[in-house]
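In the order they appear, the protein sequences are chains A and B. Using the working numbering, the first residue of the first sequence is number 1, and each one after it goes up by one. Using the working numbering, the first residue of the second sequence is number 590, and each one after it goes up by one.
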Amino acid sequence: MSAISASQALPPVTPEGFRLCPVTGKRIHLAADQLVKANAVVSVVALLIGAIAAILLVLTRWQAVHLLPAEWFYRVLTAHGLSMLIFFIIFFEMAVLHFTSTALINARVAAPKLSWAAFGLMTAGALLTEVIVWSGKADVLFTSYVPLRAHPLYYLGIILFAVGALIVTGVFFANLVVAKREHTYEGSLPLVVYGALTANIIAVITLLHGAAIYIPTFLWSLGLMNVDPEVYRLIWWALGHSSQQINVAAMVAIWYLLGALTVGAVVLNEKISRLAFVLYILFISMASAHHLLVDPGMGPAWKVVNTSYFMYMAVLASMIHGFTVPAGMELGQRLRGVGSGLFGWLRRAPWGDPGFSSLVFSVVVFGFVGGITGVTIGTEQINIIVHNTLRSPGHFHATVVSGTAMAFMGATYYLIPLVFRKKVALWGFARVQPYMFAGGMLFFTIFMTFAGSFGVPRRHWDISFSQAPFDVQFNPAVDLILAIMALGGLTAATAALGFVAVAVKSVFFGEPLGAITEGVEMRGVPRGITHPPRHAANVDELNAALHAPGRGIMGPAPGTLVLVFVFLAAFMLYFFVNWKVLSFVWKIG
Amino acid sequence: MTPETHTGLDSPTGVWWKPAHRSEKLWVGIAFGWCIVLFAMMPLWHLKGGQNPSGIRRRTDPSAYFKRTQEFIRQYKVGDDRGLPIVEPPPGADVYLAGMTFQWTPILRLRQGAEYTLHISSLDVNHGFSLFPVNVNFQVVPGYDYGLRVTPTAAGDFRIICNEFCGIGHHTMVGRVIVLDSAGREIARSGEVR
Numbered sequence: 001m002s003a004i005s006a007s008q009a010l011p012p013v014t015p016e017g018f019r020l021c022p023v024t025g026k027r028i029h030l031a032a033d034q035l036v037k038a039n040a041v042v043s044v045v046a047l048l049i050g051a052i053a054a055i056l057l058v059l060t061r062w063q064a065v066h067l068l069p070a071e072w073f074y075r076v077l078t079a080h081g082l083s084m085l086i087f088f089i090i091f092f093e094m095a096v097l098h099f100t101s102t103a104l105i106n107a108r109v110a111a112p113k114l115s116w117a118a119f120g121l122m123t124a125g126a127l128l129t130e131v132i133v134w135s136g137k138a139d140v141l142f143t144s145y146v147p148l149r150a151h152p153l154y155y156l157g158i159i160l161f162a163v164g165a166l167i168v169t170g171v172f173f174a175n176l177v178v179a180k181r182e183h184t185y186e187g188s189l190p191l192v193v194y195g196a197l198t199a200n201i202i203a204v205i206t207l208l209h210g211a212a213i214y215i216p217t218f219l220w221s222l223g224l225m226n227v228d229p230e231v232y233r234l235i236w237w238a239l240g241h242s243s244q245q246i247n248v249a250a251m252v253a254i255w256y257l258l259g260a261l262t263v264g265a266v267v268l269n270e271k272i273s274r275l276a277f278v279l280y281i282l283f284i285s286m287a288s289a290h291h292l293l294v295d296p297g298m299g300p301a302w303k304v305v306n307t308s309y310f311m312y313m314a315v316l317a318s319m320i321h322g323f324t325v326p327a328g329m330e331l332g333q334r335l336r337g338v339g340s341g342l343f344g345w346l347r348r349a350p351w352g353d354p355g356f357s358s359l360v361f362s363v364v365v366f367g368f369v370g371g372i373t374g375v376t377i378g379t380e381q382i383n384i385i386v387h388n389t390l391r392s393p394g395h396f397h398a399t400v401v402s403g404t405a406m407a408f409m410g411a412t413y414y415l416i417p418l419v420f421r422k423k424v425a426l427w428g429f430a431r432v433q434p435y436m437f438a439g440g441m442l443f444f445t446i447f448m449t450f451a452g453s454f455g456v457p458r459r460h461w462d463i464s465f466s467q468a469p470f471d472v473q474f475n476p477a478v479d480l481i482l483a484i485m486a487l488g489g490l491t492a493a494t495a496a497l498g499f500v501a502v503a504v505k506s507v508f509f510g511e512p513l514g515a516i517t518e519g520v521e522m523r524g525v526p527r528g529i530t531h532p533p534r535h536a537a538n539v540d541e542l543n544a545a546l547h548a549p550g551r552g553i554m555g556p557a558p559g560t561l562v563l564v565f566v567f568l569a570a571f572m573l574y575f576f577v578n579w580k581v582l583s584f585v586w587k588i589g
Numbered sequence: 590m591t592p593e594t595h596t597g598l599d600s601p602t603g604v605w606w607k608p609a610h611r612s613e614k615l616w617v618g619i620a621f622g623w624c625i626v627l628f629a630m631m632p633l634w635h636l637k638g639g640q641n642p643s644g645i646r647r648r649t650d651p652s653a654y655f656k657r658t659q660e661f662i663r664q665y666k667v668g669d670d671r672g673l674p675i676v677e678p679p680p681g682a683d684v685y686l687a688g689m690t691f692q693w694t695p696i697l698r699l700r701q702g703a704e705y706t707l708h709i710s711s712l713d714v715n716h717g718f719s720l721f722p723v724n725v726n727f728q729v730v731p732g733y734d735y736g737l738r739v740t741p742t743a744a745g746d747f748r749i750i751c752n753e754f755c756g757i758g759h760h761t762m763v764g765r766v767i768v769l770d771s772a773g774r775e776i777a778r779s780g781e782v783r
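Structural data, given as structure tokens:
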């Protein structure tokens, strides 16, 4: 069977309102096409705002430059969090939901008008919130901890946005039900769709928490009721952290998608991969606790059980995907006859394909930096030396930016030809963009973490404390660390702006895709499209040989097995070093 | 067992609930074991470790907490610095620290090696207690009294940085904690005995 199979459940004729994808051979509902496009475009606009804000912020925290005045620093920080973490990411996820629930299973959008209404609500809510923030009526930062008070329309904007998103999650379920009833595919849902379904279920849980906190807070801002500050933190983070788990599930789904498109990655074992997704659904919404570990509201037992997602079952899920995704890529390469030895499959991979390089950086930085730091700093006691220092944003920029945003960018390099049916513009730049972005983010996140280890606070305008009553003098190394962090941040933000330029130019002014001849390189078209990663003709034979008992424990993906043990060693080292550091501070109990 | 050769874009047909390869099972098993270690460290540290964010936690009213702090200051005040009272409670005492936009009050003078119950709360919005340069951090929530049993392990002149955004003057919110050495001498930032 080929890596991209054109044969599955395809109706003999393309019905009205559909087109046939020349690459995947699936039929695509034109209404879905339009919804994906609209959501992706708004998402990129939000990315543009967020990236400009990012540049202003790093130029302020770079103490030698210190660009913005205090008031604008906190305002731009509010706008950066909202634009990136909410508007950019969730609009893109809406595109992913529309795409996976239709295009990958030959299905139609069950309720196009409702989907557009949801899109309208989300856009109106996002606009309202942005206007209120930029006009200086909501300098409360992204978390808006009660009793800091923003203008009521700020909360209303977010509520409108969330209601729109909730409608889309409903449409996603409806699409799957209709597809099943209309028999648009045989067998079970593809794994990528299953991953998106996971994200969708987590999204419902998350958005309900959002309603449970933003509606009372909206009423509170109007003076109609009281909101307890600690209860606010608990429920707000059930929204705030769980929404990061939507990102994780969506990102992992994209990993499987890009793996299939770029190197013909196979699913090692459906059971294991799907069980890992189920673990996300069951345990991941407990992560609100990560933000409350040194809070006065909850006791140790609650903190220990919740912060660990009930004994780290969601971490187990990520560690499983961290094996199955690269192992699937390795096996895919081997089944194509590409590469020999332990790492030949990596050496001979399509590194010039921005979809592939984005995928690899997303997996590696998410795992090695984001994952390891996240589990460590989310440990109840270790959080004492981490809470609200720069270690915290150092961690989540490695997950949500280097992980999720990077994966979404990689997916966009395929969405442009496959959905927008345009060539990727500025192709020379696009090919190096993932390297620039990932490299910048790597420096940014690691040096941000270093600065945090010295106790440098996050969300802080001036760590020279020039206006404070008592002097605070950080270790002189901190200045250098913050400067390197800023340079990394500027590099990454520039790469993000470059990505916006590529996306906008391709979509609005780009060259139509035209006919593709398989095996012929074409400027502006990722290699996975011009050279679809087909498995060898004797794929079953190769596969049987790779799984033969004679190969022993190393099995079909020996290179990946080595890599995951390197990961585990790094994880153990970082985890125990942090316990050691903790043991040096004051006795506290 | 027929291993799969389809991608994540294909709908698996038939029964896909099949045994995994040994290498995959090995990794899942090891990852699971590691997760148990990650988990076990937390209860273990409660038993054996010296740093736990447990404390005594209770609801309070900001005005009642302010009153209690004023009483504490009256009881143990020994001086002033920059308009803020310096307070030296005896070892073992209940110590009250209040955060408000944009200051910490009072200034504390503690003794190295002595245990205190340090109560922290806020009189208005959320604040962040960040002890500099030790790097010990706690969330300070209005309406909640966080009573932490602390033992300063080193003498010196420490700062309390607010590390939770609390408004436009957030970056000016710095408090002070002096820890005398076990002989009762004050140690300057540079380490010399005053």
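Where a beta carbon is used, it is the ideal one built from N, C-alpha and C, also for glycine.
Please classify P674/B: does DSSP put it in a helix, a strand, or coil?
Judged by DSSP in its simplified three-state form, P674/B adopts strand.
Residues of the segment 351-380 of chain A with Cβ closer than 8 Å to any Cβ of chain B, in chain order
Of all residues in the segment 351-380 of chain A, the ones placed with a Cβ closer than 8 Å to any Cβ belonging to chain B are V375, T379 and E380, in chain order.
What is the rounded straight-line gap between the Cα of S308/A and the Cα of F691/B?
Roughly 35 Å between the two C-alpha positions.
Starting from the C-beta of S358/A, find all residues in its chain whose C-beta is less than 6 Å away, skip the five residues before and the five after it, and write them out in chain order.
Only M406, M409, G410 and P434 meet the Cβ criterion.
Pick out whichever of V502/A, E518/A, T517/A and G519/A has its Cα sitting closest to the Cα of E511/A.
Comparing Cα-Cα distances from E511/A to each of V502/A, E518/A, T517/A and G519/A, the minimum goes to V502/A.
If you compare alpha carbons, which of D746/B, T740/B and L598/B is closest to V684/B?
Out of D746/B, T740/B and L598/B, T740/B has the C-alpha closest to the C-alpha of V684/B.
Between which residues of its own chain and L582/A is the CB-CB distance below 8 Å, once the five residues before and five after are set aside?
Result list for L582/A: Q381, I382, I384 and I385, in chain order.
Does the segment 420-434 of chain A come into contact with the segment 723-738 of chain B, if we say contact requires no fewer than three beta-carbon pairs (one atom in each stretch) closer than 8 Å?
As far as the Cβ criterion goes, the segment 420-434 of chain A does not touch the segment 723-738 of chain B, which means the pair count is below three.
Are any of the Cβ atoms in chain A nearer than 7 Å to that of P741/B?
Yes, its Cβ sits closer than 7 Å to a Cβ of chain A.
Extent of the continuous beta strand (DSSP E) run through L769/B
Boundaries of the beta strand (DSSP E) around L769/B: V763 to L769.
Throw me the rounded Cβ distance for the F218/A and Y155/A pair, which I believe falls under 8 Å.
About 4 Å separates the beta carbon of F218/A from that of Y155/A, a gap short enough to meet the 8 Å contact definition.
If you drop the 5 nearest sequence neighbours on each side, which residues of the same chain put their C-beta closer than 6 Å to that of A6/A?
Here the model assigns A6/A a pLDDT of 43, short of 50, so the residue's position is not dependable and the matter cannot be decided.
Cutoff 6 Å; reference A110/A; Cβ partners in own chain excluding five residues on either side
The beta carbon of A110/A sits closer than 6 Å to the beta carbons of A174, N175 and V178 from its chain, once the five residues preceding and following it are set aside; these are given in chain order.
When the Cα of F590/A is compared with those of V617/B, S600/B and I625/B, which residue comes out closest?
The shown model of chain A, from 1 to 589, leaves out residue 590/A, and the question about it has no answer.
Pull up the distance between the alpha-carbon of G681/B and that of R748/B, whole angstroms please.
Between the alpha carbons of G681/B and R748/B lies a gap of roughly 21 Å.
Take every Cβ of the segment 467-475 of chain A, pair it with every Cβ of the segment 390-397 of chain A, and state whether three or more of those distances are shorter than 8 Å.
Segments in contact, no.
Under 7 Å by beta carbon: chain B residues contacting W586/A
Against W586/A, the close residues of chain B are V723, V725, V739, T740, P741 and T742, in the order they occur along the chain (beta-carbon pairs closer than 7 Å).
Does the beta-carbon of T517/A have 16 or more other beta-carbons within 10 angstroms, so that it is buried, or is it exposed?
Under this definition T517/A is an exposed residue.
Run through the DSSP bridge pairs and tell me what D669/B is partnered with.
Partner(s): P674/B.
Roughly how many angstroms separate the alpha carbons of D139/A and L707/B, rounded to a whole number?
A direct Cα-to-Cα measurement between D139/A and L707/B gives close to 31 Å.
Could you tell me which residues DSSP pairs with S710/B in its beta bridges?
Looking at the DSSP assignment, S710/B forms a beta bridge with A687/B.
Neighbour list for F754/B in chain A, Cβ cutoff strictly below 7 Å
Chain A residues near F754/B: Y74, L141 and R459.
Between the Cα of V566/A and those of G299/A, F368/A and W236/A, spot the shortest distance and give me the residue it belongs to.
Its Cα nearest to that of V566/A, the residue F368/A stands out among G299/A, F368/A and W236/A.
With 16 other Cβ atoms within 10 Å as the buried cut-off, status of N39/A:
That one is buried.
Partners in chain B for V266/A, counting only beta-carbon separations shorter than 9 Å:
What V266/A touches in chain B: P592, E593, T594, H595, T596 and G597.
Contacts that I625/B makes with chain A (C-beta to C-beta distance below 7 Å):
In chain order: M311.
When the Cα atoms are used, what is the spatial distance from G370/A to D599/B?
Straight-line Cα distance between these residues: approximately 30 Å.
I'd like the list of long-range same chain contacts for I372/A, defined as Cβ closer than 6 Å, with 5 residues on each side in sequence excluded.
The beta carbon of I372/A sits closer than 6 Å to those of F571 and Y574, all from its chain and outside the five residues before and after it, given in chain order.
What is the residue span of the alpha helix (DSSP H) that G618/B lies within?
Segment R611 to K637, the alpha helix (DSSP H) holding G618/B.
Determine, using beta-carbon pairs with one atom in the segment 130-138 of chain A and one in the segment 63-80 of chain A, whether at least three such pairs fall under 8 Å.
Result yes; three or more Cβ-Cβ pairs closer than 8 Å.
DSSP bridge partner residues for F310/A (one or two, in chain order):
According to DSSP, F310/A bridges with nothing at all.
Three-state class that DSSP yields for D555/B in the structure shown:
Absent from the model: residue 555/B. The displayed extent of chain B is 590 to 783, so no value can be given.
Considering just the uninterrupted stretch of the beta strand (DSSP E) at S719/B, what are its terminal residues?
Element bounds for S719/B: H716 to F721.
Since A126/A and A496/A should fall inside the 8 Å C-beta cutoff, what is the C-beta to C-beta distance between them, to a whole number of angstroms?
Not quite, the Cβ-Cβ distance comes to about 18 Å (not below 8 Å), so this is no contact.
For W606/B, decide whether its Cβ has a neighbour in chain A, counting only Cβ atoms nearer than 7 Å.
Interface residue, yes.
Bridge-paired residues (DSSP) for R657/B
Note: R657/B sits in no beta bridge, so no partner.
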